[in-house]
């Protein structure tokens, strides 16, 4: 059974989806990239899919576009996310910090500047004053280094669904992972665990690091923060923005981790249930 | 006016195009990425387009896939390019060197290993001995450093369609650009100027370097090695493999450089001809 | 034993470290989240660490930032490296060429332009004329192709701590690796072997090329140019600027190569010493 779709109907659907997602009308650009690629595929056929919400697709897209180093798409997607109300300014700022860890501070610095500019722009367009940013302090995490490491270790195990954590006596593992990434960043309020997982899986996807890809896909599924179907959709959204080769690899890893998680759930349940929660 | 296309017909077209391009049948993978993304879009709707040949699309694709750091797609595309006969082993090996310069030696190292393995595999499959590689020496370029710099300077101006070249007294410009990149690599026989331009534009595209993107798009068009329509198709092929954000930027630069090149041709012709050669 | 470290004290330490490293004061806290992360983690807790000098951390950071394609951080870090006197202009220019090979010529082209601009800016700020660049010729390497290949082969083995080198009869291996990368670039005076190794390990890290990562980490340790502790610090510095997932992979490889190098030293020494030289 197939649905019939004239190329005109598809272009119209794409242009309509573009306006809905981006909060402004698509440009009148007739190049193959914009028509065949962006309108007819990315907007007509990816953004319109079900299972993963428009808001969730934004977290994935923002990460990929911020990684791509191209300014205008990032300006547009940040504007659209805030202007639509899908993502709050608090969530957006926490996204930038999370991205800084998973994609590097330099790219995050550009992302950060763009968020401030688009936030101001939106208020100017609405003839409203731009609210002051939330103060950084007080933090919700301990100051004492030993307490931070203890908490970071516990958070690492929680987030990664693992019974162990890395040894602290190593700069990258101790000062980096336990003290800051899991000792501070992952537990900051203002961005949900689910949103953090969407951003993280997209980032490890374009960062091409094999074990992090595997472990973050596993943890996102095992924790039930992202369902199997949602994860499949994530890979396609990611593919549109970071290219099909990386998406094909991510898709392969997802397939393997789904099987692993199912096996583990069955073993834990002591049954042979095929039910995917 | 539009053509009608059932989703089944499109999937069949995609699977057929996959087999034609890759020289083997598509896997039975029902994930959204593979069906919605790869088969229904990349193969059904990009590889099947006219204007740019299948062979030319391979040079662009190989560059993007080699940059993406994912092993299996690169293995598959190298195999397909050689197995189909679209690209000779000599051309493929020169492609690896050209890619090394424009995308970095470490990524090229993996590309190089894969080329050797797939070349051997193809011969094994055909029950033939693997031919010996061509000897490196003698080179076609001068040995004397001063002569190399003079030739490199002339080649730089030719390839870039510029009346000037960088000053030699700088390691990157002198030892690198003039002595090696243009003094040796661009003039090596075994890979045409046209193929080199396809690879270069793809590489500067994913390398996100603003001035090289501009200058290599300009030169590819100004030299008439790549036509306006072929360049538009390049951007879409590139977008499928490196992601739509980078392709949107490349598409924008192409639009600007087309206008610039047209203006220059008109000024040079002293007429107001609209003909695009 | 833990020292008390209020988050205010940490911010102060971070702001002080920023000024010390960057040679200018940190920006005002307009985005506390991001600025908090950058100041409180990257500057307060990474740059202030011992074992790896501020100068050495700059070689790693410059490579990662130049790869990230974001202009302002690269401008700032180039300015800071030259303005502080930690890196000389000769070293900086050789760094650009080394980076060109290991991260791609297009990215290096932007890095090159920025170096020239910041060098001029520093002299303008000091009311001094900008010195003329050093002449490229004469080179210290042979001109004859056969001699270059012989020397390149010897240098390849030395630098990589390997008893073999790639076969010359292949464009990438012969014209590229043996004739240019090791036949010219690695042996250029003006940048020490140690600095070259820091840059190379950072580059192979973000280039995601598995075998080069392994081989360059191995060689840096085996040669004793970089100690085990210094290499661990490199991974953390790298992680802040290129992202956690890539740093996780690099960290894993470092762990494996340390074990391998220790085994080799013990076998060579014929003893069971635990001392790391």
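Protein chains in written order, with the UniProt record's numbering: chain A, 1 to 277; chain B, 1 to 277; chain C, 1 to 277.
We put the beta carbon where it would ideally sit given N, CA and C, even for glycine.
Just so you know, these numbers come straight off a predicted model, no measurement behind them.
1. Compute the beta-carbon to beta-carbon distance between residue 198 of chain A and residue 20 of chain A, rounded to the nearest angstrom, for a pair I have assumed lies under 8 Å.
2. Could you pull out every unbroken alpha helix (DSSP H) segment of at least 4 residues lying fully inside the region 173–240 of chain A, listed in chain order?
3. If the criterion is Cβ atoms closer than 8 Å, does the pair residue 102 of chain C and residue 204 of chain C meet it?
4. Is the region 171–190 of chain B touching the region 94–112 of chain C, taking contact as three or more C-beta pairs under 8 Å?
5. Quick one: which unbroken alpha helix (DSSP H) runs of 4-plus residues sit fully inside the region 105–176 of chain B? Chain order, please.
6. Could you give the DSSP three-state label for residue 103 of chain B: helix, strand or coil?
7. Grouping DSSP H, G and I as helix and E and B as strand, with all else coil, what is residue 45 of chain A?
8. Nearest to residue 238 of chain B by CA position, among B:71, B:107, B:222 and B:59, is which residue?
9. So the alpha helix (DSSP H) residue 14 of chain C belongs to, where does it begin and stop?
10. Suppose contacts are defined by Cβ-Cβ distances below 8 Å. Is residue 93 of chain B in contact with residue 115 of chain B by that definition?
11. Is any beta-carbon of chain B found at less than 8 Å from that of residue 263 of chain C?
12. Quick check on residue 248 of chain A: does DSSP put it in helix, strand or coil?
13. Give the DSSP-derived three-state secondary structure of residue 63 of chain A in the structure shown.
14. Taking the C-alpha atoms as reference points, what is the distance between residue 89 of chain A and residue 208 of chain C?
15. So, using beta-carbon positions, are residue 240 of chain C and residue 46 of chain C closer together than 8 Å?
16. In whole angstroms, what is the alpha-carbon distance linking residue 159 of chain A and residue 65 of chain A?
17. Does the region 150–170 of chain C touch the region 154–172 of chain B, meaning 3 or more C-beta pairs lie closer than 8 Å?
18. What residues of chain B sit near residue 64 of chain A, judged by a beta carbon separation below 8 Å?
19. My assumption, with CB atoms under 8 Å, is that residue 254 of chain C sits in contact with residue 232 of chain C. Please give the rounded CB distance.
20. Thinking C-beta only, is residue 221 of chain C closer than 8 Å to residue 257 of chain C?
21. Residue 78 of chain C by DSSP, collapsed to three states: which one?
22. Please return the same chain residues whose Cβ sits closer than 6 Å to the Cβ of residue 176 of chain C, not counting the five positions on each side in sequence.
23. Here's the rule: buried if 16 or more other CB atoms are within 10 angstroms of the residue's CB, otherwise exposed. What is residue 185 of chain B?
24. Please report the Cβ distance between residue 33 of chain B and residue 247 of chain A, rounded to the nearest whole angstrom; I am assuming they are in contact, meaning their Cβ atoms lie under 8 Å.
25. Leaving aside the five residues before and after residue 141 of chain B along the sequence, list all residues of the same chain whose C-beta is less than 6 Å from its C-beta, in chain order.
26. Might you give, ordered along the chain, the residues of its own chain that have their beta carbon closer than 7 Å to the beta carbon of residue 206 of chain A, omitting 5 neighbours on each side?
27. Can you find a C-beta in chain A that's less than 8 Å from the C-beta of residue 41 of chain C?
28. Going along the chain, which residues of the region 93–107 of chain A sit with their C-beta nearer than 7 Å to a C-beta in chain C?
29. Between residue 251 of chain B and chain A, is there a C-beta pair that is closer than 8 Å?
30. Please check if any C-beta of chain C sits within less than 8 Å of the C-beta of residue 203 of chain A.
31. Going by C-alpha distance, which of B:11, B:9 and B:235 is nearest residue 51 of chain B?
32. With distances taken from CA atoms, which of C:127, C:211, C:194 and C:252 is nearest residue 53 of chain C?
33. From the DSSP output, in three-state form, read off residue 88 of chain B for me.
34. In this structure, does DSSP put residue 36 of chain C in helix, strand or coil?
35. Cβ of residue 239 of chain B less than 8 Å from any chain C Cβ?
The short version:
1. Within the first chain, numbered from 1, the residue matching residue 198 of chain A stands at position 198. Within the first chain, numbered from 1, the residue matching residue 20 of chain A stands at position 20. At roughly 20 Å, the Cβ-Cβ gap does not stay under 8 Å, so residue 198 of chain A and residue 20 of chain A are not in contact.
2. With a minimum length of 4 residues, the continuous alpha helix (DSSP H) runs that stay inside the region 173–240 of chain A are 193–207 and 210–222.
3. As a first step, residue 102 of chain C must be located in the third chain, where it is residue number 102. As a first step, residue 204 of chain C must be located in the third chain, where it is residue number 204. Yes, Cβ-Cβ distance for residue 102 of chain C and residue 204 of chain C is below 8 Å.
4. By the Cβ rule, the region 171–190 of chain B counts as touching the region 94–112 of chain C, because three or more pairs are nearer than 8 Å.
5. Taking 4 residues as the shortest admissible run, the region 105–176 of chain B contains the following complete alpha helix (DSSP H) segments, listed from N- to C-terminal end: 105–125 and 145–160.
6. Taking the first residue of the second chain as 1, we reach residue 103 of chain B at position 103. Here DSSP, grouped into helix, strand and coil, assigns residue 103 of chain B to helix.
7. The residue you call residue 45 of chain A lines up with position 45 of the first chain. Reduced to three states, the DSSP call for residue 45 of chain A is helix.
8. The sequence position of residue 238 of chain B within the second chain is 238, counting from 1. Comparing Cα-Cα distances from residue 238 of chain B to each of B:71, B:107, B:222 and B:59, the minimum goes to B:59.
9. Your numbering for residue 14 of chain C matches position 14 in the third chain. 7–22 is the span of the alpha helix (DSSP H), which, as asked, contains residue 14 of chain C.
10. Indexing the second chain from 1 puts residue 93 of chain B at position 93. Indexing the second chain from 1 puts residue 115 of chain B at position 115. Yes, the Cβ-Cβ distance between residue 93 of chain B and residue 115 of chain B is below 8 Å.
11. In the third chain, the residue the question calls residue 263 of chain C occupies position 263. Not flagged as an interface residue toward chain B: residue 263 of chain C, since no C-beta distance is shorter than 8 Å.
12. Within the first chain, residue 248 of chain A is the residue found at index 248, counting from 1. In the three-state DSSP reduction, residue 248 of chain A falls in the helix class (H, G or I).
13. Here residue 63 of chain A is taken as the residue at index 63 of the first chain, counted from 1. Three-state DSSP puts residue 63 of chain A in a helix.
14. Numbered from 1 along the first chain, position 89 holds the residue referred to as residue 89 of chain A. Numbered from 1 along the third chain, position 208 holds the residue referred to as residue 208 of chain C. Between residue 89 of chain A and residue 208 of chain C, the alpha-carbon positions lie close to 33 Å from each other.
15. What you label residue 240 of chain C is simply residue 240 of the third chain in a count that begins at 1. What you label residue 46 of chain C is simply residue 46 of the third chain in a count that begins at 1. A contact, by the Cβ cut-off of 8 Å.
16. Within the first chain, the letter at position 159 stands for residue 159 of chain A. Within the first chain, the letter at position 65 stands for residue 65 of chain A. CA-CA distance, residue 159 of chain A to residue 65 of chain A, rounds to 25 Å.
17. Under the three-pair Cβ rule at 8 Å, the region 154–172 of chain B does not count as touching the region 150–170 of chain C.
18. Numbered from its first residue, the first chain carries residue 64 of chain A at position 64. Those within 8 Å of residue 64 of chain A in chain B are 243 and 245.
19. By one-based count along the third chain, residue 254 of chain C stands at place 254. By one-based count along the third chain, residue 232 of chain C stands at place 232. About 7 Å separates the beta carbon of residue 254 of chain C from that of residue 232 of chain C, a gap short enough to meet the 8 Å contact definition.
20. Here the question's residue 257 of chain C lines up with position 257 in the third chain. Here the question's residue 221 of chain C lines up with position 221 in the third chain. Yes, Cβ-Cβ distance for residue 257 of chain C and residue 221 of chain C is below 8 Å.
21. Numbered from its first residue, the third chain carries residue 78 of chain C at position 78. In the displayed model, residue 78 of chain C falls within a helix according to three-state DSSP.
22. In the third chain, the residue the question calls residue 176 of chain C occupies position 176. Only residues of its own chain outside the window of five on either side were considered, and among them none has a CB closer than 6 Å to the CB of residue 176 of chain C.
23. Here residue 185 of chain B refers to the residue found at position 185 when the second chain is read from its first residue. Result: buried.
24. Position 33 of the second chain, counted from the first residue, corresponds to residue 33 of chain B. Position 247 of the first chain, counted from the first residue, corresponds to residue 247 of chain A. With a Cβ gap of about 5 Å, residue 33 of chain B and residue 247 of chain A count as contacting.
25. One-based indexing of the second chain puts residue 141 of chain B at position 141. Around residue 141 of chain B: 184.
26. For this step, residue 206 of chain A is matched to residue 206 along the first chain. Apart from the 5 residues on each side of it in sequence, residue 206 of chain A sits with its Cβ closer than 7 Å to the Cβ of 64, 67, 242 and 246 in its chain, given in chain order.
27. Here residue 41 of chain C refers to the residue found at position 41 when the third chain is read from its first residue. Residue 41 of chain C counts as touching chain A.
28. Of all residues in the region 93–107 of chain A, only 93, 94, 96, 97, 100, 101, 102, 103, 104, 105, 106 and 107 place a beta-carbon less than 7 Å from a beta-carbon of chain C.
29. Here residue 251 of chain B refers to the residue found at position 251 of the second chain. Answer yes: the Cβ-Cβ gap between residue 251 of chain B and chain A drops below 8 Å somewhere.
30. For the purposes of this step, residue 203 of chain A is taken as the residue at position 203 of the first chain. Chain C contact via Cβ: present.
31. Sequence index remark: in the second chain, residue 51 of chain B carries index 51 (1-based). Taking only the C-alpha atoms, the option nearest residue 51 of chain B is B:235.
32. The residue labelled residue 53 of chain C in the question sits at position 53 within the third chain. Minimum Cα-Cα distance from residue 53 of chain C among the listed residues C:127, C:211, C:194 and C:252 corresponds to C:194.
33. For the purposes of this step, residue 88 of chain B is identified with residue 88 of the second chain, where counting begins at 1. Annotated three-state conformation of residue 88 of chain B is coil, per DSSP.
34. Here residue 36 of chain C corresponds to residue number 36 of the third chain, with the count starting at 1. The three-state reading of DSSP puts residue 36 of chain C in helix, counting H, G and I together.
35. Position 239 of the second chain, counted from the first residue, corresponds to residue 239 of chain B. Output row for residue 239 of chain B: interface = no.
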